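Engineer: Okay, handing you the structure first.
Protein chains: 2
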Amino acid sequence: MDASSKPSASLDLKNLAIILVSPRNPLNIGAVARAMSNFGCHDLRLVKVHPPSLEDARSAVGPSADLIATAKEFATVAEAIADCIYVAGTVAPFHRPPSETYASLPAAAPSIRMLLSQQRVALLFGPEKTGLSNDALSHCQQILSIPTTPTLASMNLGQAAAVCLYELSRTHENSLEQKIPAAAPAADLDRITAVLLEALIAADYTAIETASAQQELRQLIRRLHLSAPDARTLTGMLRKIIYRLRLPAG
Amino acid sequence: MDASSKPSASLDLKNLAIILVSPRNPLNIGAVARAMSNFGCHDLRLVKVHPPSLEDARSAVGPSADLIATAKEFATVAEAIADCIYVAGTVAPFHRPPSETYASLPAAAPSIRMLLSQQRVALLFGPEKTGLSNDALSHCQQILSIPTTPTLASMNLGQAAAVCLYELSRTHENSLEQKIPAAAPAADLDRITAVLLEALIAADYTAIETASAQQELRQLIRRLHLSAPDARTLTGMLRKIIYRLRLPAG
Numbered sequence: 001m002d003a004s005s006k007p008s009a010s011l012d013l014k015n016l017a018i019i020l021v022s023p024r025n026p027l028n029i030g031a032v033a034r035a036m037s038n039f040g041c042h043d044l045r046l047v048k049v050h051p052p053s054l055e056d057a058r059s060a061v062g063p064s065a066d067l068i069a070t071a072k073e074f075a076t077v078a079e080a081i082a083d084c085i086y087v088a089g090t091v092a093p094f095h096r097p098p099s100e101t102y103a104s105l106p107a108a109a110p111s112i113r114m115l116l117s118q119q120r121v122a123l124l125f126g127p128e129k130t131g132l133s134n135d136a137l138s139h140c141q142q143i144l145s146i147p148t149t150p151t152l153a154s155m156n157l158g159q160a161a162a163v164c165l166y167e168l169s170r171t172h173e174n175s176l177e178q179k180i181p182a183a184a185p186a187a188d189l190d191r192i193t194a195v196l197l198e199a200l201i202a203a204d205y206t207a208i209e210t211a212s213a214q215q216e217l218r219q220l221i222r223r224l225h226l227s228a229p230d231a232r233t234l235t236g237m238l239r240k241i242i243y244r245l246r247l248p249a250g
Numbered sequence: 001m002d003a004s005s006k007p008s009a010s011l012d013l014k015n016l017a018i019i020l021v022s023p024r025n026p027l028n029i030g031a032v033a034r035a036m037s038n039f040g041c042h043d044l045r046l047v048k049v050h051p052p053s054l055e056d057a058r059s060a061v062g063p064s065a066d067l068i069a070t071a072k073e074f075a076t077v078a079e080a081i082a083d084c085i086y087v088a089g090t091v092a093p094f095h096r097p098p099s100e101t102y103a104s105l106p107a108a109a110p111s112i113r114m115l116l117s118q119q120r121v122a123l124l125f126g127p128e129k130t131g132l133s134n135d136a137l138s139h140c141q142q143i144l145s146i147p148t149t150p151t152l153a154s155m156n157l158g159q160a161a162a163v164c165l166y167e168l169s170r171t172h173e174n175s176l177e178q179k180i181p182a183a184a185p186a187a188d189l190d191r192i193t194a195v196l197l198e199a200l201i202a203a204d205y206t207a208i209e210t211a212s213a214q215q216e217l218r219q220l221i222r223r224l225h226l227s228a229p230d231a232r233t234l235t236g237m238l239r240k241i242i243y244r245l246r247l248p249a250g
């Protein structure tokens, strides 16, 4: 151990939003808020929260009461992530999806830390019993899990959040100052996905009609690392195509 | 990273003993046991535990009930650590003692991991309100803390244990670079560029007619980091759109 190493101030997590989808246990909401306060993260968002659970969590006193009091509520994942340029969803390792966007937390953390230094990032946690649905995961550029043992892979929500926040706030002496082009926010990605879907339907591309095909399309768009200007350009092109597809032949 | 290094499953924490000194909240005892089960650590020891707290923790059902049932009780720290070669004590950063044995968890972890591969190591946690006493700390070869923010430095006991177990179970394999999917070769990119151009012309997107606009389009496609399968999918979609654009209205 280097005796000269000082406890460096941890990475600022002010760009991180923690999003809990349908959390049920008020103690878990409180525990997530406590861990957020420990690691300097203050943006808590709740999707489809059971009202009594939130009331109970809000009635508890404690060092993170303010954070729970100001937590924002949303009806859908899409609304909750609208201003985020990068979305990471957490799953238990045994829920590992057959996806190229999957990585363990330690492997995914360096790139998320780099993004966090410049842009708003969302970290999603699913309901305690079921985890994130495939629909919720289809909004994510990154799916990650904490490496646990197969015999008890599923972590408590508050503890999983603490581990993620610890890992994301980890600092590196030799951190890269790599420049990242401004990525398109989730709302732009939703828009181009919707417009492409509309074009495909107008073109009688029937394979796109199933929910799973549409989730796959959403994932494909998220794999493109679109910048905001490129997303705008492609959306404009697709709108022109839709307009022409709908025009009666002259 | 040496590509030939054998990927070990996850570090075995069977040599780690977690020692809780005078824990008060039964929920915290349960949470520590849950995190231990998650990370393959099964040796829980309790020093001067308040009997009703232990009874309550033992009465709870859950995936870690066995671990709490078999937890060993001790009257002193010295007895609890008697068979351990190395003892690390946890403190909140603001409790940092004026000691050369102090380090942050990420800095202390590599040497503790190395010891764990051969010898029994103890990790001590103090009572929730006060933390480890100077007397308890005097038994430790290593004093460590999780880097948290000064505004709320003290972590919940169950969450602090989860973070320590995560860090100590970290392996080479966990931190492998994320796999990057095979990128589409230039021929695929040329094909999708040509097909998109054809679709735009068929849709009367006149802005695309200049040479510079077409160069810009080629650049845009190359900024997408398309994988080969995604390039094929999008090319297929565009071909369907072109087919439909050229179809006379029915």
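Going down the list, the sequences are from chains A and B. Take the first sequence: its letter number 134 is residue 134 in our numbering, and every next letter is one higher. Take the second sequence: its letter number 28 is residue 28 in our numbering, and every next letter is one higher. For every residue, glycine included, the Cβ atom is placed at its ideal position computed from N, Cα and C. What you are looking at is a predicted structure, and each value in this text was computed from that prediction instead of being measured.
#1: Would a check of beta-carbon distances place P63(A) closer than 8 angstroms to chain B?
#2: Going by beta-carbon coordinates alone, are L105(A) and E55(A) separated by less than 8 angstroms?
#3: Please give me, in chain order, every unbroken run of the alpha helix (DSSP H) with length at least 4 that falls completely inside the stretch 159-218 of chain B.
#4: Between P150(B), M155(B), V77(B), which lies nearest to L123(B) when the distance is taken from Cα to Cα?
#5: Leaving out the 5 sequence neighbours to the left and right, which residues in its chain are closer than 7 angstroms to N15(B) when beta-carbon positions are compared?
#6: Near I180(A), which residues of its chain fall below 8 angstroms by C-beta distance, leaving aside the five closest residues on each side in sequence?
#7: In whole angstroms, what separates the C-alpha of A231(B) from that of R223(A)?
#8: What does the alpha-carbon distance come out to for the pair A186(A) and D83(A)?
#9: For L67(A) and E73(A), I'd like the C-alpha separation in whole angstroms.
#10: Less than 7 angstroms between C-beta atoms, sequence neighbours within five positions excluded: which residues of the same chain meet that for F39(B)?
#11: What's the C-alpha gap between S59(B) and A65(B)?
#12: For K129(B), does the count of other Cβ atoms within 10 angstroms reach 16, so buried, or fall short, so exposed?
#13: Along chain A, in chain order, which residues have C-beta atoms closer than 8 angstroms to that of M155(B)?
#14: Any C-beta of chain A sitting closer than 8 angstroms to the C-beta of M1(B)?
#15: Got a sec: is the Cβ-Cβ distance from Y86(B) to anything in chain A below 8 angstroms?
#16: For T148(B) and chain A, any beta-carbon pair shorter than 8 angstroms?
#17: Would you please state the rounded distance, in angstroms, between the beta carbons of P127(B) and S53(B)? I believe it to be under 8 angstroms.
#18: Give a yes or no on contact between the stretch 190-206 of chain B and the stretch 233-243 of chain B, applying the rule of three or more CB pairs nearer than 8 angstroms.
#19: Any Cβ of chain A within less than 8 angstroms of the Cβ of D230(B)?
#20: For the structure I just gave you, are there three or more beta carbon pairs, one from the stretch 133-144 of chain B and one from the stretch 87-96 of chain B, closer than 8 angstroms?
#21: If distances are taken between C-alpha atoms only, which option among T171(B), L157(B), V49(B) comes closest to A75(B)?
#22: According to DSSP, simplified to helix, strand and coil, what is S53(A)?
#23: Is the beta carbon of A161(B) sitting closer than 8 angstroms to the one on H225(B)?
#24: Among T70(B), A17(B), T148(B), A57(B), which residue has its Cα nearest to the Cα of C41(A)?
#25: Output needed for P26(B): all residues of its chain with C-beta closer than 6 angstroms, excluding positions within five of it in sequence on either side, in chain order.
#26: Going along chain B, which residues have a C-beta under 8 angstroms from K240(A)?
Structural biologist: From the atom records:
#1: As a position in the first sequence, residue 63(A) is number 63, starting the count at 1. P63(A) counts as touching chain B.
#2: Start at 1 with the first residue of the first sequence, and residue 105(A) comes out as number 105. Start at 1 with the first residue of the first sequence, and residue 55(A) comes out as number 55. Not closer than 8 angstroms, so no.
#3: Complete alpha helix (DSSP H) runs here, min 4: 186-202.
#4: Position 123 of the second sequence, counting from 1, holds the residue named residue 123(B). Among P150(B), M155(B), V77(B), the Cα nearest to that of L123(B) is on V77(B).
#5: Your numbering for residue 15(B) matches position 15 in the second sequence. These residues qualify, in order along the chain: L116, Q119, R120, V121.
#6: Within the first sequence, residue 180(A) is the residue found at index 180, counting from 1. Here the model assigns I180(A) a pLDDT of 45, short of 50, so the residue's position is not dependable and the matter cannot be decided.
#7: In the second sequence, residue 231(B) corresponds to position 231, counting from 1. In the first sequence, residue 223(A) corresponds to position 223, counting from 1. Each residue's Cα considered, the two are about 11 angstroms apart.
#8: Counting from one through the first sequence, the residue named residue 186(A) turns up at place 186. Counting from one through the first sequence, the residue named residue 83(A) turns up at place 83. Straight-line Cα distance between these residues: approximately 6 angstroms.
#9: Locating residue 67(A) in the first sequence gives position 67, where the first residue counts as 1. Locating residue 73(A) in the first sequence gives position 73, where the first residue counts as 1. The straight-line gap from Cα to Cα measures roughly 13 angstroms.
#10: Numbered from its first residue, the second sequence carries residue 39(B) at position 39. Answer for F39(B): L13, L165, Y166, S169, listed in chain order.
#11: On the second sequence, residue 59(B) is found 59 positions in, with the first residue counted as 1. On the second sequence, residue 65(B) is found 65 positions in, with the first residue counted as 1. Using only the alpha carbons, I get a separation of about 8 angstroms.
#12: Here residue 129(B) corresponds to residue number 129 of the second sequence, with the count starting at 1. So K129(B) counts as exposed.
#13: If you number the second sequence from 1, residue 155(B) lands on position 155. Simply R34, A35, N38, A162.
#14: Position 1 of the second sequence, counting from 1, holds the residue named residue 1(B). Confidence is the limiting factor: at M1(B) the pLDDT is only 32, short of 50, which leaves the residue's position unreliable, though a coordinate-based value still follows. No, M1(B) does not count as interfacial toward chain A.
#15: In the second sequence, counting from the first residue as 1, residue 86(B) sits at position 86. So, not an interface residue.
#16: Locating residue 148(B) in the second sequence gives position 148, counting from the first residue. Yes, T148(B) counts as interfacial toward chain A.
#17: By 1-based counting over the second sequence, the position of residue 127(B) is 127. By 1-based counting over the second sequence, the position of residue 53(B) is 53. P127(B) to S53(B), Cβ: 11 angstroms. No contact.
#18: yes
#19: Walking along the second sequence from the start, residue 230(B) turns up at place 230. Yes, its Cβ sits closer than 8 angstroms to a Cβ of chain A.
#20: yes
#21: Within the second sequence, residue 75(B) is the residue found at index 75, counting from 1. Answer by Cα proximity: V49(B).
#22: Position 53 of the first sequence, counting from 1, holds the residue named residue 53(A). Helix, per DSSP.
#23: For this step, residue 161(B) is matched to residue 161 along the second sequence. For this step, residue 225(B) is matched to residue 225 along the second sequence. In this structure, H225(B) does not lie closer than 8 angstroms to A161(B) by Cβ.
#24: Locating residue 41(A) in the first sequence gives position 41, where the first residue counts as 1. Comparing Cα positions, the closest option is T148(B).
#25: Walking along the second sequence from the start, residue 26(B) turns up at place 26. For P26(B), the CB contacts under 6 angstroms within the same chain, skipping 5 residues up- and downstream, are S53, D56, A57 in chain order.
#26: In the first sequence, residue 240(A) corresponds to position 240, counting from 1. Residues of chain B passing the Cβ test: L200, A203, D204, Y205.
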